[in-house]
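This note's numbering puts the first residue of the sequence shown at 18, with every later residue one more than the last.
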Amino acid sequence: DGDWLFARSRGRKVAVKSFIMDNATVVGVGNIYAQESLFLAGIHPSRAAGRISRERYQRLAGAIKAVLARAIEAGGTTLKDFTSAEGQPGYFAQSLSVYGRAGLPCPQCASLLKADRHGQRSTSYCPQCQR
Ligand SMILES: [Zn+2]
18 DGDWLFARSR GRKVAVKSFI MDNATVVGVG NIYAQESLFL AGIHPSRAAG
68 RISRERYQRL AGAIKAVLAR AIEAGGTTLK DFTSAEGQPG YFAQSLSVYG
118 RAGLPCPQCA SLLKADRHGQ RSTSYCPQCQ R
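See below:
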């Protein structure tokens, strides 16, 4: 939950996106779910994990749960990223807000979504809605 994420993140300089994808932190938050959860919580994916307040981690924990529940409803049966045999996101893709949408308008404010790299992966986010 949010309190646990907050306690666990103190003193960490790693980007919050990498922090929540670390299996030592939250088991099973895949790349797609991490991006969607950060968007829902309004948190910039590159923000240092140790510089996010308890209140914002509580929002993030709620967002992760909401995104996972939505994905499972849409056909995923696992907490890993739900992908089809071709490696593409499945039906859940139809409800994605930011994943794979860099350069397209934000569904909330219509600003163009941007992308940053975290390790090997690209992360899409809204520069207006996510701080
Ligand atoms: Zn936006």
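All C-beta atoms in this analysis are idealised placements derived from N, C-alpha and C, irrespective of residue type, glycine included.
(request) Let me know the secondary structure DSSP gives Ala32 once reduced to three states. (result) Position 15 of the sequence shown, counted from the first residue, corresponds to residue 32. The answer is strand: DSSP assigns Ala32 an E or B state.
(message) DSSP has Ala65 in a bridge; who is on the other side?
(response) Position 48 of the sequence shown holds residue 65. Checking the DSSP bridge columns, you'll see Ala65 partnered with Ala32.
(message) Taking the alpha-carbon of Gly47 as reference, which of Leu130, Ser35, Arg68 and Leu57 has the nearest alpha-carbon?
(response) Looking up residue 47 in the sequence shown gives position 30. It is Ser35.
(request) Leaving out five residues on either side along the sequence, give the residues of the same chain with a beta carbon under 6 Å from the beta carbon of Ala80. (result) Along the sequence shown, read from residue 1 onward, the residue named residue 80 stands at position 63. Hits under 6 Å: Ser54, Leu57 and Ala58.
(request) Tell me whether the beta-carbon of Gly19 lies closer than 8 Å to the beta-carbon of Gln75. (result) Within the sequence shown, numbered from 1, the residue matching residue 19 stands at position 2. Within the sequence shown, numbered from 1, the residue matching residue 75 stands at position 58. A distance below 8 Å separates the beta carbons of Gly19 and Gln75.
(request) Tell me, to the nearest whole angstrom, how far the beta carbon of Ala65 is from that of Leu22; I am working on the premise that it is less than 8 Å. (result) Here the question's residue 65 lines up with position 48 in the sequence shown. Here the question's residue 22 lines up with position 5 in the sequence shown. About 14 Å separates the two Cβ atoms, so there is no contact after all.
(request) Could you tell me the distance, in whole angstroms, from the CA atom of Ser63 to the CA atom of Asp39? (result) Working through the sequence shown from its first residue, we reach residue 63 at position 46. Working through the sequence shown from its first residue, we reach residue 39 at position 22. Straight-line Cα distance between these residues: approximately 14 Å.
(message) Within a Cβ cutoff of 7 Å, which residues of the same chain sit near Arg25, ignoring the five residues on either side of it in sequence?
(response) Locating residue 25 in the sequence shown gives position 8, counting from the first residue. Around Arg25, the same chain offers Thr42 as residues with beta carbons nearer than 7 Å, after the five sequence neighbours per side are excluded.
(request) Please determine, among Gly136, Cys123, Leu113 and Lys30, the residue with the shortest C-alpha to C-alpha distance to Ala83. (result) Sequence index remark: in the sequence shown, residue 83 carries index 66 (1-based). Residue Leu113 is the option with its Cα nearest to Ala83.
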